[in-house]
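Going left to right, the sequence shown walks through residues -21 to -1, 1 to 328 as mature numbering (1 follows the signal peptide of the UniProt record, and there is no 0) numbers them.
Backbone N, C-alpha and C define an ideal beta-carbon position, used for all residues, glycine too.
Accompanying notes for the structure given below.
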Amino acid sequence: MKRLILTLFLASSLITAPLMAADANGANESTAVYRTQWHKDMLAGYQSLATQSQALESQAQTYCQSPSSEELEATKRLWLDAFLAWQQVRFIDFGPVEENNRAWQFQFWPDPKNLVARKASYLLKDEAPITPEKIGESGVAVQGFPMVEYLLYDQTFSRSESALPAGRSCQLLVAVTRHIARNGETLANDWKGFQSNYLGSEQYTDTTIRAAMAGLEILEERRLATPMGLRGNGKRSIYSADAWRSGASLIAADASVQGLKKHFMPAFSKLLNDREQTDLAKRIEQQFEEVLANFPELDRPMAPLLSDDNAFKPLQSLYVDLTQLTALVNDRAAVELGVVRGFNSSDGD
């Protein structure tokens, strides 16, 4: 009798095992649909970053060859375009952007020790040629958007003898913009090559969702709450914000929300709808619109808003709306989908 029961059990296992495998494969195939959309949308973001970075490099060369106030303003505009393109894909903290500290190379922040300014001073006083190799070995504080921002916008630097279009400062400007452009092009190409790995691994579904969760947390807690004095020492300070020299802290926040809406939400909404979370998907989509409704009023420097209580109110409204969005995605949606918030490489970027 025992042998008969064992035989029946083994026969049953052989029948059900393929069904279980089919279910697992079906689940993987279904999640691959979302990853296919995510890969396409994120590739578009990376390609935009590459295009805008190349335009910045070209304009930096034009300005330094024929300096003028008009060309300087054009360089500033293209710096902002490229910087905002980076903000749109900044939440992606996995895959090729992890290689060689690329995210840090694009944007070294936070910078509590003002390392960008110190590195700039050292390089401008040094007599060694500012070559691509020199930029490559000088560290992430030199290699990205904050260094270009320093050269273009820093008030103390702009009053110094080294101010643009001084020869060595122009060399540094051209070299750093070239580094950014090369990184942008390489990152877009590497993301293309990452497609088979990304689509073929079910774990990247959760990884992508966690990246968006982390991006929202960093935006809420560190890019807004800290300079607003809601975290840390409780004092308002523009120097805790990113892009404070150019006054682009808030328009950069706008770009980050726009990037999540454009490159993350289409597939995420489909995932929620397919999991019968239609109402939640609609609430999240509506909350994205609520956050973005704070702009373009807040597409202006943060510093004056921090120094005046009345002007501070629109910033508070943005923070409240963003907090609600973060709660919907990181708490409600994550719980419904069984996604656990864990460590990610954006922490401390």
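Could you tell me the distance, in whole angstroms, from the CA atom of residue i to the CA atom of residue j?
i, j, result
"Q31", "K241", "17 Å"
"S48", "S9", "55 Å"
"V308", "A107", "50 Å"
"Q295", "V68", "25 Å"
"L271", "H158", "32 Å"
"P111", "L102", "13 Å"
"D233", "R201", "15 Å"
"I217", "P280", "10 Å"
"residue 361", "F291", "Past the boundaries of the shown model lies residue 361; the chain is included only from -21 to 328, so the question cannot be answered."
"R14", "W170", "13 Å"
"G123", "A160", "10 Å"
"E269", "D300", "7 Å"
"L198", "Y132", "23 Å"
"V314", "R254", "12 Å"
"V119", "L284", "30 Å"
"E196", "E276", "23 Å"
"F243", "R320", "17 Å"
"D288", "L229", "17 Å"
"S225", "G179", "42 Å"
"L209", "Q182", "35 Å"
Taking Cβ positions, are residue i and residue j nearer each other than 8 Å?
i, j, result
"L57", "A34", "yes"
"Q256", "L304", "no"
"A246", "Q16", "yes"
"F173", "P125", "no"
With DSSP as the reference, label residue i as helix, strand or coil.
i, result
"Q295", "helix"
"N168", "helix"
"Q174", "helix"
"I109", "coil"
"F62", "helix"
"R210", "coil"
"F87", "coil"
"A145", "coil"
"L277", "coil"
"I71", "coil"
"T184", "helix"
"D300", "helix"
Assuming residue i contacts residue j under a Cβ cut-off of 8 Å, what Cβ separation, rounded to an integer in Å, is found between them?
i, j, result
"F62", "A227", "7 Å"
"A190", "I71", "6 Å"
"A154", "I109", "5 Å"
"A222", "E77", "The Cβ separation is near 23 Å, so there is no contact."
The region 157 to 171 contacting the region 19 to 39, beta-carbon criterion three pairs below 8 Å
Enough Cβ pairs lie closer than 8 Å, so yes.
Looking at C-beta atoms only, is the number of pairs between the region 138 to 150 and the region 35 to 46 that lie closer than 8 Å three or more?
By the criterion of at least three beta-carbon pairs nearer than 8 Å, the region 138 to 150 is in contact with the region 35 to 46.
Quick check: the region 203 to 215 against the region 91 to 100, are at least 3 beta-carbon pairs closer than 8 Å?
No, the region 91 to 100 is not in contact with the region 203 to 215.
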